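*Asks:* At position 84 of the sequence shown (counting the first as 1) the number is 96 in the working numbering, and the numbers step up by one without a gap. We put the beta carbon where it would ideally sit given N, CA and C, even for glycine. On a predicted model such as this, the values are computed, not experimentally measured, just so you know.
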Amino acid sequence: MSGEGNLHDPRYRRVWLHRLPHRPRAARPRRGERRGAARHGSGPRPPRGPARDRGAGRRQIAGIVHLAGYPAPRGTVGGIEATQGLLDGLLNVARVAQEWGVRRVGLASTLGVYSGVETDAPLTEDLPVRLTAPHPIPRSKKIGELLAEQFAEATGVEFVNFRISGTWGPLGHEDPFFAAPALIHAAASGQPLDLSGLLAQPRLGDGLDLCYVKDTGRAIALLQLADNLKHRTYNIASGQVTDNADVIAAIRRTVPEASLELPAGTSQPGAALDITRLHQDTGFEPEYDTARAAADYIAWLTAGNPR
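1) Helix, strand or coil, according to DSSP, for G178 in the structure here?
2) Going by the beta-carbon positions, is the gap between G251 and D286 smaller than 8 Å?
3) Taking 8 Å as the threshold (C-beta atoms), are I263 and I196 in contact?
4) Mind checking N104: buried by the 16 CB within 10 Å criterion, or exposed?
5) Between the stretch 262-277 and the stretch 228-246, do three or more beta carbon pairs fall short of 8 Å?
6) As a quick exercise: from D100, W312 and L99, pick the residue whose alpha carbon is nearest that of T266.
7) How is G118 classed by DSSP in three states: helix, strand or coil?
8) Would you call T144 buried or exposed, if buried means 16 or more other Cβ atoms sit within 10 Å of its Cβ?
9) Give the DSSP bridge partners of F171, in chain order.
10) From D132 to V141, what distance separates their C-alpha atoms?
11) Distance, Cα to Cα, E170 vs P318?
12) Output yes or no for whether 8 Å exceeds the beta carbon distance between G101 and A80.
13) Using 8 Å for Cβ pairs, my map puts I310 next to A199. What's the rounded Cβ distance?
14) Quick check on the DSSP output: the alpha helix (DSSP H) that includes A128 runs from which residue to which?
15) If you compare alpha carbons, which of F190, S152 and F296 is closest to G97?
16) For A305, I'd like the list of residues in its chain whose CB is within less than 6 Å of its CB, leaving aside the five on either flank, ordered along the chain.
17) Flag A133 as yes when its Cβ comes closer than 7 Å to any non-hydrogen atom of the ligand MG, and as no otherwise.
18) What is the residue span of the alpha helix (DSSP H) that V77 lies within?
19) What are the residues that DSSP puts in a beta bridge with L135?
20) Taking a contact to mean a Cβ-Cβ separation below 8 Å, would you say S177 touches L222 in this structure?
Written out as structure tokens, the structure is:
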């Protein structure tokens with residue numbers, strides 16, 4: 013998934029709360045905002061009392077969307093410290109949700125929880141997933157999903173898991189798992205394609221369920237603000253596989269001269285996530301196909317935005 017900073021949508025009122033590693037404090041709400049969902053980052057648990065609860069005293073907090081994840085594979089924090097930060101952040105969200113009396117907490121999970129599931133059909137939320145995972149991110153998200161059930165039972169607050177597919181778009185970070193961000197940045201900048209941030213050499217046929225960030229953000233908002241949800245876990249995705257050849261073709265509709273050469277073949281064909289639950293409970297339909305997403309992202313970058 014892309015970094016938590018890029019899930020913005022001006023159509024929804026919200027209060028953004030971000031906990032910094034060394035000096036946690038609530039971010040000031042924007043003028044005119046009255047109620048919404050609070051968002052928490054990861055990191056050490058802030059102190060109890062007024063410092064932690066400053067945001068709650070200004071307005072009623074209707075819900076919390078927790079998008080923080082395990083530190084990136086190349087991050088400086090690792091081992092027990094990283095796990096401690098992950099658990100402290102999650103526990104703090106559960107505590108303040110109970111204390112503030114919020115209605116719903118949305119927790120970011122990942123399509124990586126389906127790793128190892130063998131099926132030719134789109135991946136549905138009721139498929140049995142493995143208790144192991146090949147990477148810290150899906151491993152930590154499986155832990156988070158199990159803890160969400162415990163938190164809901166212990167606090168009486170509704171906890172909902174968002175299994176988010178590969179997300180790309182404005183303000184996204186370098187992604188180690190799929191090439192779309194690197195391809196877009198090369199096309200927008202005119203610089204040579206840099207694939208050094210990926211964990212493996214990408215190929216034209218490599219694919220995954222790729223969702224543009226504006227669709228991802230809208231789906232999260234719809235789930236968070238829905239009057240009633242019938243399930244505890246939802247896929248957030250486009251519902252179809254997009255491979256690197258599709259991304260390159262979409263980019264070249266906007267930047268025909270883009271030099272984006274990848275070797276043929278595939279090492280990860282990818283699988284689509286089923287979004288039936290999401291559509292039935294919120295009416296969500298993706299608005300951005302690959303071509304529209306690529307054009308929008310390139311326009312953002314060429315306007316002078318670095319990410």
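*Replies:* Per the coordinate set shown:
1) strand
2) Yes, they are a contact pair.
3) yes
4) buried
5) Judged by Cβ distances under 8 Å, the stretch 262-277 makes no contact with the stretch 228-246, as fewer than three pairs qualify.
6) W312
7) G118 sits in a strand when the DSSP states are folded into three classes.
8) Classification for T144: exposed.
9) DSSP, once it has assigned bridges, lists V117 as partnering F171.
10) Each residue's alpha carbon lies about 15 Å from the other.
11) Rounded to the nearest angstrom, the two C-alpha atoms are 37 Å apart.
12) yes
13) 6 Å
14) In the sequence on display, residue 128 carries Gly and not Ala. Note, G128: premise wrong, no alpha helix (DSSP H); not H, not E.
15) S152
16) Y224.
17) Looking for the ligand MG in the displayed structure turns up nothing, as the structure carries no ligands at all.
18) No alpha helix (DSSP H) contains V77, which is instead part of the beta strand (DSSP E) from I73 to H78.
19) L285
20) yes
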